[in-house]
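Worksheet for the structure shown next.
Below, the structure is given as structure tokens:
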């Protein structure tokens, strides 16, 4: 293009804008719903913009937010009918300003000021990795995941979805794994009422146009989980499309990436969102390992809040050492049968380990769906003392083949009350999280050396335990209170008196008078031992060099 | 420098070379010892060159070897007294040519032709990774490591070193972990007779000059191991210098890297060499993780033969998913106490797993040096059925504090004959290696589905086992022979008759007539089950998608 022509065009374009400003009807701009929002809540900007062409493809929109000290650029999204939105989750209080940027005139230079108030009760912000192997809310409160899974509960009728929410409200679960895309199998009587793309099922989709109504529904449910104090571990891809049903498993890379950016733009401002790239990702054979790596990178790049990111395996573990993985979301039931196994993934990944599938409580002939209640609870306890976290779901099919794992509804298993009991114990445990006390020696004992010990005997049924702990954190004359925990019957029985430490040998301290802890000789017994007085040793700067 | 001057100098230099060629005494060049060498043996070129200045720093020398089809460039090294060497391990038979390259005239353009003959008996070439989790020699023969460790055996007297070799010759061990640098502790009566650097102990070293005599001695010992059929897993750095004794732990990065290149140039042509970057690397607190990554990269770049590379941990596992790690060399005794634990590292690393330290047989108060013989053997068997490999050493101190682990000498423990028995069983096992039969379900059974099963009951003492295997590789009517193995008493007792398979349920096949295998009710029992006839199922292209 000739230089002069270009200059001319630029001038013509500037003129058009000036004309538009004076002659065109004023751009309709909804003001933000409120000019005050609490920290870690959603501040939403709604804008009117073009609805011609394909706004999902053609329009770029971001909001630049600043509180003076820090500036972040937040992607917006098209919500249909000429409406555009930008959602922002402020992470500090005070006055914030914003200004929009777009490749379309009506969406540019919209600006405003709003105030971020302190969070209200129950709002602790997003969950982050804490102390390498654990989690905490942004306000510093420890978060101990006790999660469950309902893949497709948001693809049901309103009535059933309300029932699921009611069940969750009365359950011990503070994390829910659920999928964006519906599952194809087991829903003949209940086809999903809405789909993420414009078009019609089964396969007449316009993959260049999202269905905003689908996502508004999803967001409503995510918000309801947030209000119940439940983290939403959102599964972005899964292999449950029965190969060909809807085709969400075989979209091309550009479509996959656009989908990810759209989901993140819509949901990133929800403080309870976690991103799970895939469920049983390796069973989704239409994807390559490079695809999964890229999904992580796309999500990480699109999400200004850096929400937790993981991927859940089938039979092939993802390389969770990659820097874009915040925690390992593991399926391996065998690994949770005893603490010595459960602990091993910690050392290789050096990240929090969540056994999101350790098999399901259920009565099915499939062996991943037939854990007894006691076995489910046993596995959670094994994970717990290993310094890792379990994950629940159940598979008791009703006459219509509805199972909690797939569709939600009601819980029928025996484990949930026991998991509520465990969650209480976890929440009473040290804020730093439960760590192996004597790494690679006695994996049955976790806790915090010299302060708190939780020991789980699993399937053993000992009648006595010789009060004895690894030397770290101990000195002669420290006093401890001991409680015996029946993990199934949910009782905590204090042992009378205190136990006073005395050096026993190079490695361990025992009770001064050789007093042992008498135990009931039943499986699934745990003991909790807490510091109750006496002089602690000076903390050593480095751990002793000794394997 | 003025251009003309430079030109003049270049001319003068060319003239000098011409003059040298005519006037100087002819350069003394020893011809290679033989013009025929067998495949995977060492072809050595000896050259006379400059001894002035510091040849270790100043002289660059490589040999370019070609057989017409393939060309490789091999680094040479200075061996003291004006002697330079290039060692080449040919990997294919036929005629090879070489030509030397150097930054010093007498070392350039030396060329020759030699013939590579087929390998003689017992020479199977270097060991490589095979079938993801296993090893094989370059000629395809499976290699099943049954290794031991003697860190400092090459830093002893000739007499004691000969004794160690004699012990090894009568032992089951086909791999030996040993260190280049001596250990500082426990050798008061026996200081090392030689050191890798010019200078004098304890700390008067010239780190820019190697001590060729030290390395010639090391090479002699590596060659003797090779002749005994023993792989040399050479530890390049370790933390056993007692902080300050000799200073090999605190050399700067340039010195470390030059050391690595020198060792690789000298020893890379030995087919039985494996490189272990460090032992208990994380206890060497003077190094950073970036140092260890770099060591791997330096070794990989210097070694044209791509020998096996690993690193051995103390308490912090190295990220063995890095592409430059060929196999995981693990210390974690707890992980080898049962197969379910031992298996877990396979899935995360997807490489061979060698538990080079699973603790040591011994009678010491330190708990890493007090395994009983039965416990050592038990751990090897647990590793074996998990599709991983154990590693032995022992710690029985004599009056002079000599232990096999440190100094070599004689073996005193009870495990070696049992490890010889296990090695025989491993060598009779399928060439592809032992794999989990039913991943993450029953880790006690390894083998090759439908052909070979090795099941180990560990500390259990069952009196019967209901002949029952996971469905893969099985069909109705297949016949199997069963043997009962007493792993401690080293007996193999065939069970009479054959066991014929019949589908039992969704997951398993059992014996047609419900016949069980009667067992002796003793711990440390294994069974070996081998295919003996009947129609095998058609192999399925993909494993069923089911966790």
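Chains as they are written, first to last, in my numbering: chain A, 1 to 547; chain B, 1 to 547.
By construction, the Cβ of each residue, glycine as well, lies at the ideal position given by its N, Cα and C atoms.
{"Check": "Compute the distance between the beta-carbons of residue 194 (chain A) and residue 214 (chain A), then report whether it is under 9 Å.", "Outcome": "yes"}
{"Check": "Give the single residue among B:63, B:58, B:54, B:53 whose Cα lies nearest to the Cα of residue 43 (chain B).", "Outcome": "B:63"}
{"Check": "Three-state secondary structure (DSSP) at residue 536 (chain A)?", "Outcome": "coil"}
{"Check": "Could you check how far apart the C-beta atoms of residue 507 (chain A) and residue 453 (chain A) are, in whole angstroms? I think they sit under 8 Å.", "Outcome": "Between residue 453 (chain A) and residue 507 (chain A) the Cβ distance is about 15 Å, and since that is not below 8 Å, they are no contact."}
{"Check": "Take residue 265 (chain B) and list the residues in its own chain whose beta-carbon comes closer than 6 Å to its own, dropping the five residues that flank it on each side.", "Outcome": "75, 77"}
{"Check": "Tell me the rounded alpha-carbon separation between residue 313 (chain B) and residue 380 (chain B).", "Outcome": "19 Å"}
{"Check": "Is residue 202 (chain B) buried or exposed, if buried means 16 or more other CB atoms sit within 10 Å of its CB?", "Outcome": "exposed"}
{"Check": "Thinking C-alpha only, which one of A:83, A:66, A:252, A:478 is nearest residue 55 (chain A)?", "Outcome": "A:83"}
{"Check": "Is DSSP giving residue 364 (chain B) helix, strand or coil here?", "Outcome": "coil"}
{"Check": "Using a threshold of 9 Å, state whether the C-beta atoms of residue 274 (chain B) and residue 127 (chain B) are closer than that.", "Outcome": "yes"}
{"Check": "So, helix, strand or coil for residue 455 (chain A), using DSSP?", "Outcome": "strand"}
{"Check": "Mind listing which residues of the stretch 347–377 of chain B have their C-beta closer than 7 Å to chain A's C-betas, in chain order?", "Outcome": "347, 348, 365, 367, 368"}
{"Check": "Going by DSSP in three states, residue 232 (chain B) sits in which element: helix, strand or coil?", "Outcome": "strand"}
{"Check": "Determine the burial state of residue 58 (chain A): buried for a count of at least 16 other Cβ atoms within 10 Å of its Cβ, exposed for fewer.", "Outcome": "exposed"}
{"Check": "Mind listing the chain B neighbours of residue 334 (chain A)? Cutoff is C-beta to C-beta under 7 Å, in chain order.", "Outcome": "340, 440, 441, 443"}
{"Check": "By DSSP's criteria, residue 178 (chain A) is part of a beta bridge. Which residues make up the other side?", "Outcome": "A:234"}
{"Check": "Is the distance from the Cβ of residue 205 (chain B) to the Cβ of residue 246 (chain B) below 9 Å?", "Outcome": "yes"}
{"Check": "Counting only Cβ-Cβ distances shorter than 9 Å, please list the residues of the stretch 487–509 of chain A near chain B, keeping chain order.", "Outcome": "505, 506, 507"}
{"Check": "Could you name the residues of chain B that residue 321 (chain A) contacts, counting a contact when the two beta carbons are closer than 7 Å?", "Outcome": "319, 321"}
{"Check": "Could you pull out every residue in the same chain whose Cβ sits closer than 8 Å to the Cβ of residue 163 (chain B), ignoring the five residues on either side in sequence?", "Outcome": "408, 409, 410"}
{"Check": "Touch check for the stretch 97–107 of chain B and the stretch 45–52 of chain B: three-plus C-beta pairs under 8 Å?", "Outcome": "yes"}
{"Check": "From the beta carbon of residue 316 (chain A), is the nearest beta carbon of chain B less than 9 Å away?", "Outcome": "yes"}
{"Check": "Let me see if you follow: with CB-CB separation under 9 Å, is residue 21 (chain B) close to chain A or not?", "Outcome": "With a pLDDT of 40 at residue 21 (chain B), under the threshold of 50, the modelled position of this residue cannot be trusted, and the question is left open."}
{"Check": "With burial defined as no fewer than 16 other Cβ atoms inside 10 Å of the residue's Cβ, what is the status of residue 428 (chain B): buried or exposed?", "Outcome": "exposed"}
{"Check": "By how many angstroms is the C-alpha of residue 237 (chain B) removed from the C-alpha of residue 439 (chain A)?", "Outcome": "24 Å"}
{"Check": "For the alpha helix (DSSP H) that residue 377 (chain B) lies in, which residues bound it at each end?", "Outcome": "373–385"}
{"Check": "Applying the criterion that 16 or more other CB atoms from any shown protein chain within 10 Å of the CB defines a buried residue, is residue 518 (chain B) buried or exposed?", "Outcome": "exposed"}
{"Check": "Could you give the distance in angstroms between the alpha-carbon of residue 576 (chain B) and the alpha-carbon of residue 255 (chain B)?", "Outcome": "What is shown of chain B runs 1 to 547, which leaves residue 576 (chain B) out entirely."}
{"Check": "Pairing CB atoms from the stretch 329–336 of chain B with CB atoms from the stretch 284–300 of chain B, are three or more of them under 8 Å?", "Outcome": "no"}
{"Check": "Between the Cα of residue 210 (chain A) and the Cα atoms of A:234, A:239, A:248, which residue gives the shortest distance?", "Outcome": "A:248"}
{"Check": "Could you spell out where the beta strand (DSSP E) holding residue 407 (chain B) opens and where it closes?", "Outcome": "Counting along the chain, residue 407 (chain B) falls outside any beta strand (DSSP E), though it belongs to the alpha helix (DSSP H) covering 404–407."}
{"Check": "Are the stretch 338–353 of chain B and the stretch 369–376 of chain A in contact at 8 Å, needing three or more beta carbon pairs?", "Outcome": "no"}
{"Check": "Quick check: the Cα distance between residue 510 (chain B) and residue 503 (chain B), rounded to an integer number of angstroms?", "Outcome": "6 Å"}
{"Check": "Can you tell me whether residue 134 (chain B) is buried or exposed, with buried defined as 16 or more other CB within 10 angstroms of its CB?", "Outcome": "buried"}
{"Check": "Measuring only between beta-carbons, confirm whether residue 456 (chain B) sits less than 9 Å from chain A.", "Outcome": "no"}
{"Check": "Could you tell me whether the stretch 176–190 of chain B touches the stretch 464–478 of chain B, using the rule of 3 or more Cβ pairs below 8 Å?", "Outcome": "no"}
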